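Chemist: From first to last, the protein sequence lines are chains A and B.
So the first sequence is numbered by the working numbering: it starts at 424 and just counts up by one.
So the second sequence is numbered by the working numbering: it starts at 424 and just counts up by one.
Glycine included, C-beta positions come from ideal geometry on N, C-alpha and C.
As the structure is a computational prediction, the values presented were derived from the model and not from experiment.
2 protein chains.
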Amino acid sequence: MNGASMNGAQALVSTLTGLGVDICFANPGTSEMHFLAALDNPAMKSVLCLFEGVATGAADGWYRMTDRPASTLLHLGPGLANGLANIHNARRASSGMVNVVGEHSTKHLQYDAPLTSDIEGLARPLSHWVRRVDSARSIAWDATAAVQAASSHPGQIATLILPGDASWQDAGEPLPVPPVVRTRRTPDLARVEHIAQVLKSGEPALLILANKATRGRALDLAGSVAAATGVRLASQFFTARCERGAGRVPLERIPYSVAPALAYLKDFKHIITVETTEPVAFFSYPDQPSLLKGPDAAVHVLAERDEDSELALTMLLDALGARHAPRMQPRIETACPTGALGPISIAHALAHAIPENAIIVDESLTTGRETMGYTMGARPHDMINNMGGSIGYSPPVATGAALACPDRRVFCMTGDGSAMYTIQSLWTQARESLGITTIIFANNSYAILKAEYANMRAGTPGERALAMIELDRPRIDWQAMAKSMGVPSCAVDTVEDLTQAMLRSAREAGPYLIEVRL
Amino acid sequence: MNGASMNGAQALVSTLTGLGVDICFANPGTSEMHFLAALDNPAMKSVLCLFEGVATGAADGWYRMTDRPASTLLHLGPGLANGLANIHNARRASSGMVNVVGEHSTKHLQYDAPLTSDIEGLARPLSHWVRRVDSARSIAWDATAAVQAASSHPGQIATLILPGDASWQDAGEPLPVPPVVRTRRTPDLARVEHIAQVLKSGEPALLILANKATRGRALDLAGSVAAATGVRLASQFFTARCERGAGRVPLERIPYSVAPALAYLKDFKHIITVETTEPVAFFSYPDQPSLLKGPDAAVHVLAERDEDSELALTMLLDALGARHAPRMQPRIETACPTGALGPISIAHALAHAIPENAIIVDESLTTGRETMGYTMGARPHDMINNMGGSIGYSPPVATGAALACPDRRVFCMTGDGSAMYTIQSLWTQARESLGITTIIFANNSYAILKAEYANMRAGTPGERALAMIELDRPRIDWQAMAKSMGVPSCAVDTVEDLTQAMLRSAREAGPYLIEVRL
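1. For the candidate residues Leu739/A, Arg614/A and Thr845/A, whose alpha-carbon lies nearest to that of Gly476/B?
2. Under 8 Å by Cβ, that's how I've got Arg608/A and Glu793/A pegged, so tell me the actual separation to the nearest angstrom.
3. Run through DSSP, which three-state label would Leu435/A get?
4. Along chain B, which residues have their Cβ under 8 Å away from the Cβ of Gln433/A?
5. Taking the C-alpha atoms as reference points, what is the distance between Met424/A and Ser437/A?
6. Using the three-state DSSP reduction, which class does Gly426/B fall into: helix, strand or coil?
7. Could you check where the alpha helix (DSSP H) with Pro601/B kicks off and where it finishes?
8. Give a yes or no on whether the C-beta atoms belonging to Ser540/B and His511/A are separated by under 8 Å.
9. Residues in the same chain with beta-carbon distance under 7 Å from Asn780/A, minus the five sequence neighbours each way, listed in chain order, please.
10. I need the straight-line Cα distance from Glu701/B to Cys472/A, nearest angstrom please.
11. For Lys468/B, which three-state DSSP category applies?
12. Cutting at 8 Å between CB atoms, please list the residues of its own chain near Gln752/B, excluding the five before and the five after it.
13. To the nearest angstrom, how far is the alpha carbon of Ser590/A from that of Gly502/A?
14. Name the two residues that bound the continuous alpha helix (DSSP H) containing Pro766/B.
15. Against chain A, which members of the segment 819–846 of chain B pass a CB distance test of less than 9 Å?
16. Using DSSP with H/G/I as helix, E/B as strand and the rest coil, what is Phe458/A?
17. Using C-beta distances below 7 Å, list every residue in its chain close to Gly426/A, excluding the 5 sequence neighbours before and after it, in chain order.
18. To which residues of the same chain is Ser841/B closer than 7 Å at the C-beta, ignoring the five residues directly before and after it?
19. Please report the straight-line C-alpha distance between Asp916/A and Ala924/A, rounded to a whole angstrom.
20. Rank His693/A, Cys835/A, Pro934/A and Val681/A by C-alpha distance to the C-alpha of Met879/A and give the top, closest one.
21. Could you say if the segment 454–465 of chain B and the segment 627–636 of chain B meet the contact criterion of at least three C-beta pairs nearer than 8 Å?
22. To be precise: take each residue of the segment 575–595 of chain B, compare its Cβ to all Cβ atoms of chain A, and keep it if any distance is under 8 Å. Which residues remain?
23. I'd like to know whether the C-beta of Met799/A is nearer than 8 Å to at least one C-beta of chain B.
24. Within a Cβ cutoff of 8 Å, which residues of the same chain sit near Trp564/A, ignoring the five residues on either side of it in sequence?
25. Is the beta carbon of Leu622/A sitting closer than 8 Å to the one on Val654/A?
26. Closer than 7 Å by C-beta to Phe660/B: which residues in its own chain qualify, once you throw out the five before and the five after it? Chain order, please.
27. I'd like to confirm the pairing. Which residues does DSSP put opposite Trp552/A in its beta bridges?
28. Cβ atoms of Leu442/B and Thr567/B: under 8 Å apart, would you say?
29. Taking only beta-carbon atoms, is Ser454/B less than 8 Å away from chain A?
30. What residues from the segment 868–887 of chain B come within 7 Å of chain A, judged by C-beta to C-beta, listed N to C?
31. Closer than 8 Å, CB to CB, is Val523/B near chain A or not?
32. Report the residue from Leu941/A, Ala508/A, Gly646/A and Arg547/A whose alpha carbon sits nearest the alpha carbon of Asp839/A.
33. Go through its chain and collect everything with a Cβ distance to Thr761/B's Cβ below 7 Å, but skip five positions before and after it.
34. Would you mind working out which of Gly431/B, Asp741/B, Gly506/B and Ala504/B sits nearest Val556/B, comparing C-alpha positions?
35. So what's Gly410/B in DSSP terms, helix, strand or just coil?
36. Determine whether the beta carbon atoms of His747/B and Ser624/B lie at a separation below 8 Å.
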């Protein structure tokens, strides 16, 4: 491409792809027509999404599997707003992304046309980096700064506001742009040596791993620390991506609910954190604590969120003078389960059925939340959780993960209530023929809220209140829903049928939906 | 109810209903369990929505038909974020609403739990009024201030952030709260008298009506002004709610596209505005103007947005010394159309089929945008447009309008691309058995963007760019979509079948969906 002939939108797309941002989850509008034209650049893969929350969630899923930011294309302030809930989830998962938000051309803003809004104001609460493009000539610099921010450790949300005139004007001669630098801060040696002394003391200690430390070499190193010192290894209840199953270093999981989390943590005298903080309750409840550790426990930071945890764990092993091999999770063959559908039998079905290298995107809430331990000895796989708590993250994240890993089957496990927030994802999955099995746990209610009602001591729900957490009038017909967007499906009433459907779905080239009738 | 025993949530609901805010479009979560319990108050109608954009859009529809704010219940920052696009549309329509946004309890915020976000920051760009409840004891005052703001003229977006502890703590003795005052500013007499002189000059003039002036007595008064002076009457292309059809004062419609709008406006020497501004292009295009009036036209403000336009028009008639009866639109019988489906035949079908007092919520874009003139002589009806330009407004607004007017049939006319943003509305429509006919114009593309691509001079779209505005892989199966959420449906290929289906649907008690295969 002759750089001198580029307009701003072409220069933007060219800069993004040159820096490795080579996918764009897009929901375009009138003000983005030049950007759309620029997407004809064959170095950029464009994926159409029918709702912006699908685009931003897919960018999150892409980052989780590649550690590289994707871009999104959103239509002015309201388009950004539709993407914000999954931007919140991505931010909490430390996923980097570059959001390109179309905007009126600069001279048009003064007239307060209908779609005008304070885009910076909408972007800032959930973005780490926000910039408005001033001119087509500086757009390559702006795009580079956005990619630099998104590629930080931890990943950041970068939002670039693109006025129409900056898209269509001549970008001039291409300027050399600085390279994107990927660094992680080095942990402090004295702090690491102190933690080595703590571990040598033999007092009960828990090492909590998060973000990039729950996989790859960092996870193996943590396993070596545990083998050398007896420290127990855990993740928070929710993890951005965890490599688990047979042949991986197993992590315990701190329980979700306050009472079991308190019971789990109460005897640890030391909590050692890696890319995370001490455990905190997800919600606050009347007369329940927010901090979950035992009353005498000390918290030690082995690696801050922006530090290199692999290096921190290596330094810790050096300080310990230890070279123990980690203890790996053995394979546990789980027989094809029989009997009634329930959280445990469903976990057994999953353990039996998931193929090697599957990616599980979990939003199963009441159905799967407490029983994932049963899949510890399954074939090796990746597990992805919702880090931000905004419901409807899993179908979009599964979409992005499947695009990132076309050779791996994705299992998206979701409650029926959750799935409805971003159900438009199914259409993109069909369009791109993505290898995703969506498993809908259809209990026809916001079941989690029935428990939370009691946890909150809100009394016994009256008829009107109860009606607000029941989804049974009407029941959602999930097979019709799947069909409407071109996704084949089945419904199952038994765990045998669920297991067989999962096995069968893993041989599909494209998406498949299983309604689990609870 | 014994006021002294109320908790904060009960005091909030009791205050809202006491001030006439007696419907709540809700998508609750854990932090809102006490508010949910308080919704057992029989004075409050609670409507469950499966996505927050449905809740805020329904509140908009409710306001448009009642001129009273509804409340919404949204789950923390991300729940608010999901509702923002339709809050933007409501704000641009001058619809008041009271958003109650659940929040962690105050002491929990310091721990930065996963769902924590800057709710004020997310609320401010699109809210006129934002407040965080400080204590259960002041909640009645906070709710009153919120309702006061929402009930202003023009209506305002009021967002009340409700921490968990403020919900569950004792609200104490009920305090007397000040009454909600509904006022409209009085127009300046000198300004009105000047406009009377302008109209007496005989120079070509256009009176543009908006918001509350496109219906009721204000519309009749404008008709009298036109009859007395020959001034032409128009609305902007988009109107919050317009009473039109046989027996109403007819308004011309300023065209949407820039070239025909310039042509329409070029000969007017005077533009007189009522609750609106001079006409502005919706988008900006290369080398096209943003302001649409003729080069020599003067703009005169008869009523500012916050002024009483009925009073302004009365004062104008007094200044003119005129008492002319308005000229009303005669009934035009439109025969049942035959032949191919197209914008004009579809408009004829609508003109033939809509029953008396129907409410048309229009988001038909390319299919219906240019042809609504053909329905001028239909039975009297209300027409509602999207004022903010954020797509996916119509199924939620139809939902709220139907709840507001249970005796009137609502026709929701929407493009297929538009409908997909907030398709979860169908479920609430089925649940509440709402009299809504959703008409999906299924052209399997973002057809509007094909035209805009050319308008933007973005050249001829390449294969990749074109693929991003085609929705035909896969085609959405709209009958399956309707079935999935319990809505009966049919598909039509001819205008005869469309007309018959519309007539039939108007006799349904509940919702119905018609897929128009274009």
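Modeler: Considering the structure as presented:
1. Thr845/A
2. In fact, because the Cβ distance is near 36 Å, the residues do not count as touching under 8 Å.
3. helix
4. Here the premise fails: no neighbours, minimum Cβ distance about 11 Å.
5. Bear in mind that a pLDDT of 42 at Met424/A, under 50, signals an unreliable position, so the model cannot answer this.
6. Bear in mind that the predicted position of Gly426/B carries a pLDDT of just 43, short of 50, making it unreliable; the figure below should be weighed with that in mind. Residue state, collapsed to three classes: helix.
7. Segment: none, Pro601/B is in no alpha helix (DSSP H) and carries neither H nor E.
8. yes
9. Pro803, His804 and Arg831
10. 36 Å
11. strand
12. Arg667, Gly668, Ala669, Gly670, Arg671, Val672, Pro673, Met799 and Gly800
13. 18 Å
14. Pro766 to Ala776
15. Gly840, Met843, Tyr844, Thr845 and Ile846
16. helix
17. Note that Gly426/A scores 43 on pLDDT, short of 50, meaning its location in the model is unreliable; the coordinates nonetheless yield the value given after this. Only Glu596 and Pro597 meet the Cβ criterion.
18. Glu786, Leu788, Ile814, Gly815 and Ser817
19. 11 Å
20. Val681/A
21. no
22. Gly587, Asp588 and Trp591
23. no
24. Leu598 and Val600
25. yes
26. Arg676, Ile677, Pro678 and Tyr679
27. Ala581/A
28. yes
29. yes
30. Leu872, Glu875, Tyr876, Met879, Ala881, Gly882, Pro884, Gly885 and Arg887
31. no
32. Leu941/A
33. Val918 and Glu919
34. Gly431/B
35. There is no way to answer for residue 410/B, as the model of chain B reaches only from 424 to 941.
36. no
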